[in-house]
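A quick write-up on the structure given underneath.
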Amino acid sequence: MTTNFLILMSDQHTPAAYGAYGNEVVHTPNLDGLASAGTVFDAAYCNSPICVPSRASMATGRYVHETANYDNASPYLGTEAPSWGHRAEAAGITATTIGKLHYRAVEDATGFSDQRVPLHVRGGVGDLFHALRDRQPPAVQLRHAVQDVRAEESDYSVFDRTVAQEASRWLHDAAGSDKSWLCKVSFVTPHYPFLVPEEFLDLYDADSLPVPTRGAVDEWNRHPAVDIYRAACGLDVPLSDQETKDAIRAYYGLVSFMDAQVGIVLDALRDSGQLDNTIVLYVSDHGELLGTDGLWFKGTMGEMSVRIPMVLSGPGIPTGVCSTPASLVDVFPTVIDVLDLPANDADSTLPGRSLRELATARERVDRAVFSEYHSANSHSGLFMIRLRNWKYIYCVGFPEQLYDLDADPTESHDLAATPEFSEILAECKKAMFEICDPEAVDTEVRISQDQRVEAYGGVAKVLEKPLMVYSPTSGV
15 MTTNFLILMS DQHTPAAYGA YGNEVVHTPN LDGLASAGTV FDAAYCNSPI CVPSRASMAT
75 GRYVHETANY DNASPYLGTE APSWGHRAEA AGITATTIGK LHYRAVEDAT GFSDQRVPLH
135 VRGGVGDLFH ALRDRQPPAV QLRHAVQDVR AEESDYSVFD RTVAQEASRW LHDAAGSDKS
195 WLCKVSFVTP HYPFLVPEEF LDLYDADSLP VPTRGAVDEW NRHPAVDIYR AACGLDVPLS
255 DQETKDAIRA YYGLVSFMDA QVGIVLDALR DSGQLDNTIV LYVSDHGELL GTDGLWFKGT
315 MGEMSVRIPM VLSGPGIPTG VCSTPASLVD VFPTVIDVLD LPANDADSTL PGRSLRELAT
375 ARERVDRAVF SEYHSANSHS GLFMIRLRNW KYIYCVGFPE QLYDLDADPT ESHDLAATPE
435 FSEILAECKK AMFEICDPEA VDTEVRISQD QRVEAYGGVA KVLEKPLMVY SPTSGV
């Protein structure tokens, strides 16, 4: 029997709002069912906590500094490095995508020739506001987006309903094939806007939801890079308690809405008789800060921003929790493994591992995973290593950070300056510098961003258009 691979992807879903990750309030029955039948990766991360770079890393299996997809105005073209779509198509398997890709354009040779209901960056350029960095004025529209909570349909909910229905049709049509297939279904929720279909918003009482970690001003993380992010988003003045509660309610509503769309796709997989020979992977491109330290969106190396849900289910996949660190660059070797694609010389240079191999390993694999950020609301590069229970953050120009996530999962106690942890600090730093030199990468990024801003017409020209809170579904 042939094996198929279905990849389900959401946008901006933190595992803190997922039942299988321990949240007993959020309604995610379809995602919970997927998790109960497979492996939950509880130390999974994106390779950059912003949409375009994260999705480029997932497609290519390469880190952002390797492909130069640094920000939301440097979308994947297909020429930076081959995608797993290229590899599948070379083996005679079409990589079908349904929904958001966030590359440059449909016409580019990204390896995904069968794109249905695609969403790419605006105008083939994206948002150069992300390349301004320390020249960026406060993006107060981000604050306003958190405050704008309404019970109504949006372009995003309409888009995701369309994606789910198209995926359902595609799966039923694919049932007649005797060849393995590869399909990625990608939703845009629970990303902003906080416009939520009423039936899903009504699932929650704003006063009964979990409150943010360190939500009070006197509890905030005051690391300089975090303060810069906070001010850049217009969040240095805290939201009111009611605004925070309403925004969390809206986010939970969008998570449940997205879960319902996932359910439509999984029902189609089951009803078409393909459940027993299909591996299913669920991931998100990054998390959501959800009020932690008074912050929203993503773009920091905090767990709520950079950690993602990752669930693998299907034939031969054990049930349970995998504590081995994993990341989105692991998707590329997973595609090769699941579909048994021919190997090539470049595979040995990929930083990722097959998630199926990690899931079936009896013990935690000792490996480091890596993330980096070079986009809006930051003045310099942020770099992160997760190694066993340790999380190390290197902020160019600012103090480094170290957290023991087993003892301190909310990252409340920075151990970087504590002498007794100097050896583990050095080990984590060494692991990071084996991947890249953060200072050198930061310099390369700034050169690229300055060149692109100048080519567009300069800072003033870029600022004629405000920062996009979310990409329009029309692509223009």
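Quick note on this note's numbering: the sequence shown kicks off at 15 and runs consecutively.
All residues carry an ideal CB built from backbone N, CA and C; glycine is no exception.
Taking C-beta separations shorter than 8 Å and ignoring five residues to either side along the sequence, the partners of V120 in its chain run Q129, P132 and H134, following chain order. Of the candidates L217, N403, A474 and L304, the residue whose Cα lies closest to the Cα of S337 is N403. In the three-state scheme derived from DSSP, where H, G and I count as helix and E and B as strand, K443 is classed as helix. Under the three-state reduction of DSSP, W404 is assigned to strand. S327 is a Cβ neighbour of V294, given a cutoff of 9 Å. Taking 9 Å as the cut-off, the Cβ atoms of G308 and P252 count as close. If you draw a straight line from the Cα of R321 to the Cα of A230, it is about 23 Å long.
Closest in C-alpha terms to Y59, from the list R69, T432 and S50, comes R69. For G113, the beta-bridge partners assigned by DSSP are S200. Looking at the backbone, the Cα of D464 and that of A145 are separated by about 7 Å. Scanning its chain for C-beta atoms nearer than 8 Å, with the 5 sequence neighbours on each side dropped, one finds around D428 the residues H237, Q415, L416 and Y417, in chain order.
Around the beta carbon of I64, a 10 Å sphere encloses 16 or more other beta carbons of the protein chains shown; the residue is thus reported as buried. Annotation: C60 is outside any beta strand (DSSP E) and is labelled neither H nor E by DSSP.
Distance from the CA of V160 to the CA of P486, rounded to the nearest whole angstrom, comes to 18 Å.
Rounded to the nearest whole angstrom, the CA to CA distance from I21 to A102 is 14 Å. V225 is classed as exposed because its beta carbon has fewer than 16 other beta carbons within 10 Å across all chains shown. A check of alpha carbon separations from V202 across T16, D25 and L369 identifies D25 as the nearest. Scanning its chain for C-beta atoms nearer than 7 Å, with the 5 sequence neighbours on each side dropped, one finds around E453 the residues V410, in chain order. The segment 158-235 is shown to contain whole beta strand (DSSP E) runs of 3 or more residues at 196-200, in chain order. Per DSSP, the beta bridge partners of D128 are T110. Judged by DSSP secondary structure, S286 falls outside any beta strand (DSSP E); it is assigned neither H nor E. Spatial neighbours of S222 in its own chain (CB-CB distance under 6 Å, excluding positions within 5 residues in sequence) are not present. Measuring C-alpha to C-alpha distances from S362 to each of F214, R370, D344 and V352 identifies D344 as the nearest.
Rounded to whole angstroms, the gap between the alpha carbons of R157 and L249 is 6 Å. Boundaries of the beta strand (DSSP E) harbouring D418: Q415 to D418, taken from the DSSP string. The Cβ neighbour count for S426, taken over all protein chains shown within 10 Å, is under 16; the residue is labelled exposed. In the three-state scheme derived from DSSP, where H, G and I count as helix and E and B as strand, N44 is classed as helix. Per DSSP, the continuous alpha helix (DSSP H) segment holding L372 begins and ends at L369 to T374. Counting other Cβ atoms within 10 Å of its Cβ, E213 stays below 16 and is therefore classed as exposed. Inter-segment contact for the segment 160-178 and the segment 252-265 is present: three or more beta-carbon pairs are separated by less than 8 Å.
For the pair V139 and A82, the CB atoms are not nearer than the 9 Å cut-off. With respect to the 9 Å criterion, M398 and F412 are not classified as neighbours on the basis of their beta carbons. Secondary structure note for M318: its alpha helix (DSSP H) is the uninterrupted segment E317 to V320. When H41, R400 and S62 are compared, the shortest CA-CA separation from I438 is found for R400. Taken atom to atom, the span from the alpha-carbon of D216 to that of G267 is near 8 Å. Taking C-alpha positions only, T42 is separated from L91 by approximately 34 Å.
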